[in-house]
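So the mapping is simple: this note's numbering equals the position in the sequence shown, first residue as 1, plus 16.
What follows is a set of notes on a single structure, which appears directly below.
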Amino acid sequence: MTTPSRVTSDGVSPETARALRAAMQRLFTGKPQRTDGRLTKENLWREAQVSRATMNRAQPILTEWDAHIAERGKTTAGEARRDAEITRLRKRLAAKTQECTQLEMKLKAAATAIAALHHDNQALRAELTDRSGTVVPIARRP
């Protein structure tokens, strides 16, 4: 006959309950050892090094997990900092893009003005070479 298993009120063995709670704590504090740190149940059972089925039997622990996620959200402190940095950089990129667009418009306007001045300059030079008159100095008045 087999010995009865040691199942706690958590629905799993004491070792498994400790492993799941320790994994939960590591994930919540942003210090995972075996996963990428995202707050998912998949990462919980992988971090605890138990099977998914074993994790699913630990309903009280999963209830704690769900309550923590509902209260604080799925993002860790590191993810929140990363998201804030991404938002800041996107705003900065939008401002730089707008500045670049304005500078391009000014450049096009300057190029158009330079082209018009160049055309006028060529026309004046052509007119100057076509003139066959002599320049007569104007006498100064006493």
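Glycine included, C-beta positions come from ideal geometry on N, C-alpha and C.
For Gln114, the uninterrupted alpha helix (DSSP H) segment begins and ends at Ala93 to Asp146. With a 10 Å radius around the Cβ and a threshold of 16 neighbouring Cβ atoms, Ile77 comes out buried. The Cβ-Cβ distance between Ala33 and Thr45 does not fall below 7 Å. Residue state for Asp52 is assigned as coil, using DSSP reduced to three classes. Using a 10 angstroms sphere on the CB of Thr92, the tally of other CB atoms reaches 16 or more, which defines it as buried. Here the C-alpha atom of Gly27 lies approximately 47 Å from the C-alpha atom of Leu105.
The stretch 79 to 95 and the stretch 46 to 63 touch, with no fewer than 3 CB-CB distances between them shorter than 8 Å. Here Ala83 is not near Ala64, since their CB atoms are 7 Å or more apart.
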